[in-house]
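Trainee:
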Amino acid sequence: LHLSLRRQRQMCIRDRQRCNVDKIKLTGLDIKDIPIAEECSVLNTPFSVYSKTVRNRIVFQPMEGADGELSGAPGELTKRRYTRFAKSGAGIIWVEAVAVCNDGRANPHQLCLNEETVEDFKNLVSMIKETAQLKFGWEPLVIMQATHSGRQSRPTDKPEPIYAYHNDIFEKTRPMGEGSHLITDEECDALGEKYYKATILAAQCGFDGVDVKCCHGYLISEFLSARNREGRYGGSLENRTRLYFSCFENAKRAADETGVFLTTRLGVYEGFEYPWGFGVSKDGGLDFDMEEPVWVVEQLKKRFGVELINITIGNPYVNPNVNRPYNGCEFEDPYTGVARIAAVTKAMQKAFPDITFVLSGTTFLMEQSLNYAAAMVRDYGVQLAGFGRMTFAYPEFWEDYLENGYIERKKCCIACGKCTQMMRSGGVAGCPVRDREVYTPLYKEYFKVGK
Numbered sequence: 002l003h004l005s006l007r008r009q010r011q012m013c014i015r016d017r018q019r020c021n022v023d024k025i026k027l028t029g030l031d032i033k034d035i036p037i038a039e040e041c042s043v044l045n046t047p048f049s050v051y052s053k054t055v056r057n058r059i060v061f062q063p064m065e066g067a068d069g070e071l072s073g074a075p076g077e078l079t080k081r082r083y084t085r086f087a088k089s090g091a092g093i094i095w096v097e098a099v100a101v102c103n104d105g106r107a108n109p110h111q112l113c114l115n116e117e118t119v120e121d122f123k124n125l126v127s128m129i130k131e132t133a134q135l136k137f138g139w140e141p142l143v144i145m146q147a148t149h150s151g152r153q154s155r156p157t158d159k160p161e162p163i164y165a166y167h168n169d170i171f172e173k174t175r176p177m178g179e180g181s182h183l184i185t186d187e188e189c190d191a192l193g194e195k196y197y198k199a200t201i202l203a204a205q206c207g208f209d210g211v212d213v214k215c216c217h218g219y220l221i222s223e224f225l226s227a228r229n230r231e232g233r234y235g236g237s238l239e240n241r242t243r244l245y246f247s248c249f250e251n252a253k254r255a256a257d258e259t260g261v262f263l264t265t266r267l268g269v270y271e272g273f274e275y276p277w278g279f280g281v282s283k284d285g286g287l288d289f290d291m292e293e294p295v296w297v298v299e300q301l302k303k304r305f306g307v308e309l310i311n312i313t314i315g316n317p318y319v320n321p322n323v324n325r326p327y328n329g330c331e332f333e334d335p336y337t338g339v340a341r342i343a344a345v346t347k348a349m350q351k352a353f354p355d356i357t358f359v360l361s362g363t364t365f366l367m368e369q370s371l372n373y374a375a376a377m378v379r380d381y382g383v384q385l386a387g388f389g390r391m392t393f394a395y396p397e398f399w400e401d402y403l404e405n406g407y408i409e410r411k412k413c414c415i416a417c418g419k420c421t422q423m424m425r426s427g428g429v430a431g432c433p434v435r436d437r438e439v440y441t442p443l444y445k446e447y448f449k450v451g452k
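For what it's worth, our numbering labels the leading residue of the sequence shown as 2, then goes sequentially.
1) Give the single residue among C41, R85, E258, E97 whose Cα lies nearest to the Cα of T265.
2) Can you find the residues in the same chain that come closer than 7 Å, C-beta to C-beta, to P396, ignoring five residues on each side of it along the sequence?
3) DSSP state of T441, grouped into three classes?
4) Under the rule that 16 or more other beta-carbon atoms within 10 Å means buried, what is K347, buried or exposed?
5) At 3 residues or longer, what runs of the beta strand (DSSP E) sit wholly inside the stretch 269-317?
6) In whole angstroms, give me the CA-to-CA distance for V297 and Q350.
7) Would K419 be called buried (16 or more neighbouring beta carbons within 10 Å of its own) or exposed?
8) Is R435 buried or exposed, if buried means 16 or more other CB atoms sit within 10 Å of its CB?
9) Is it true that the CB of A386 sits closer than 9 Å to the CB of T363?
10) Quick check: what's the CA-CA separation for R390 versus V101?
11) Determine, using beta-carbon pairs with one atom in the stretch 240-247 and one in the stretch 125-142, whether at least three such pairs fall under 8 Å.
12) How should D209 be labelled, buried or exposed, when 16 other C-beta atoms within 10 angstroms of its C-beta is the threshold for buried?
13) Along the beta strand (DSSP E) that carries D169, what are the first and last residues, could you check?
14) Run through DSSP, which three-state label would K53 get?
15) If I follow the unbroken alpha helix (DSSP H) through F388, where does it start and stop?
16) When you compare the stretch 102-119 with the stretch 144-161, are there three or more beta-carbon pairs, one atom per stretch, that lie closer than 8 Å?
17) Decide if N405 is buried, meaning its Cβ has at least 16 other Cβ atoms within 10 Å, or exposed.
18) When DSSP labels each residue in this structure, what does V22 get in the three-state scheme?
19) Cα-Cα, which of R379, R425, K445 is closest to V453?
20) Taking the continuous alpha helix (DSSP H) assigned at L135, which residues delimit it?
21) If we count the other Cβ atoms within 10 Å of its Cβ and call it buried at 16 or more, is K411 buried or exposed?
Set out below in structure tokens:
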């Protein structure tokens, strides 16, 4: 992504003129829709949210490692990864998906917070904060992502999907069969209490905030498009958000008791045609329709006092190019994917200038990723820049930038998808390209390469 500074400025002006808060056309996007700043100093400025100071605009996104113990406690590779993250200098470390109950785990090694594992999580959070304090003289905000994996649940070696409704797109390649379970209204009623307990335990562990996860096709987010479900949790938008808001209400009760703040990673656009997708035009096609996402964010703000939303789009199990643009994509130019994330984020930020949104999808731009993030902060009001796959490959990228004024291309994530490929194979997630000592041997073992 090598653009002249003149063209970069032209792009920013053109993009501002194009932004429409009612509907964003997502067809025909390309590199012209990706703003690039000349320098990145804006990312190293402090910011306040929930009356807490964030020392810079860098967020390490919740990236699952699938390397916990069977009990749900962090494993040795988990601890290694978060030690590296703690040394990064990121202002916020958003800890990966932590299941609120065992049957909501996406794999037998997903993290799970309960009475048995609370001390292990307490040690993990203490390690993160103490490591950063020793190195930088300050602590990052540490957020726990609370989740139920729903359709992706696999707490044992066999899938045990718990789904909201029959979805033709999801089930085209993965039909619901033996071991699957359509969650009942009564089970939905009881789920909120699990988020209450998880929030209480998260506070005991020292987390600053709790994320009620609602994205990427997991249980709560699947309800957002449950137009064809009968009963109190399907059909109308009010019904489709009932589970989400119930879990929020219960978590809020715990947050008020303990002092942690509540946030959410929210998928505002799924990229599936109506009626199967959330945030899509009712007229057909894949355009972003903001009406329902805007209503949801309004409710989060008004009812629960949410100030921070980690925005995302797509579903990594069905259309991974939408939320994680990658090299070799057979569906579209990956720069179109980056431009799509930028367009959706800018539109939501314009609609809610007083909400702090975290930008996603930065990693694909490699050594230009900070320049992209800086332009989104400087020109469009997005306050925080999230980095996901980059943290696996190059956790010290922010420190390198502060010391050298740039990040090194040869250390960057190359968006090859091997980290996800490893996890989907039943193993752990990591970067076999850049973190070779640990993950290259595992990659070779999983896929029997180099034998």
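Virtual Cβ for every residue (Gly too), placed ideally from N, Cα, C. Computed from a prediction, not measured in an experiment: that's the story for all the values here.
Mentor: Let's see:
1) E97
2) R85, F86, S89
3) helix
4) buried
5) 309-314
6) 14 Å
7) buried
8) buried
9) yes
10) 24 Å
11) no
12) buried
13) Looking at the DSSP string, D169 is not in any beta strand (DSSP E), and its letter there is neither H nor E.
14) strand
15) It is not in any alpha helix (DSSP H) - F388 instead sits in the beta strand (DSSP E) that spans 385-388.
16) yes
17) exposed
18) Reliability fails at V22, whose pLDDT of 31 lies under 50, so the model's placement of it is uncertain and no value is given.
19) Nothing about residue 453 can be reported from this structure: the residues present for the chain run from 2 to 452 only.
20) 119-137
21) exposed
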